[in-house]
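So the structure is just underneath, and the comments pick up after that.
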Amino acid sequence: METKRTTAAHAHKKPSLKESAHNGRSKAHVGEAANHLLHEGKKLANDVYEEGLNKLEDVQDELKGYSDELLKKVQKNPLTSLLIAGGVGFLLSLILKNK
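For the sequence shown, position 18 matches number 9 in this note's numbering, and the numbering has no gaps at all.
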C-alpha cells in the first residue's frame, strides 16, 4: 500500500523550475503560432475579398457593354426590336400557360 501512496504523491508533484520554464516557452511558441495563423487567415480572407471585388467589377463592365450594345440595336431598328420582344413575350405566355 505504501507504494500506491508514493505513486499518488508523486503524481501531484509540483513541476521543477526547469519544467516550468519549458512549459512557459511552449505556451509562448503556441501563442506565436496562433498569432501567425490568425494573421495568415486575415491576409487570405482579404485577398479573396479583393479578388471577388475585381471579378464583380469585370462582370459589371461586361453587362454594361452588352446593355449599351442592345440599346444601340433597339435604337437602330425599333420596329424589329418591338416585334422580337412581342414574339418572345407571346411564346413565354404560351409556355407558362400550359404549365
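Cβ atoms here follow ideal geometry from the backbone N, Cα and C, with glycine treated the same way.
For residue i, three-class secondary structure by DSSP
i	result
Ser7	coil
Enclosing alpha helix (DSSP H) for residue i [first to last residue]
i	result
Asn89	Pro69 to Asn89
Chain D contact for residue i (CB, 8 Å cutoff)
i	result
Ala76	Among the chains in the structure shown there is no chain D, since it carries only a single protein chain.
Residue i versus residue j - alpha carbon distance
i	j	result
Ser7	Asp38	46 Å
His27	Lys34	11 Å
Ser58	Lys88	29 Å
Leu29	His20	14 Å
Whole-Å CB distance - residue i paired with residue j, under 8 Å assumed
i	j	result
Lys64	Ser72	7 Å
beta-carbon residue i near the ligand FMN non-hydrogen atom, thresh 7 Å
i	result
Gln66	Judged by which ligands are present, the structure shown has none, so any question about the ligand FMN falls away.
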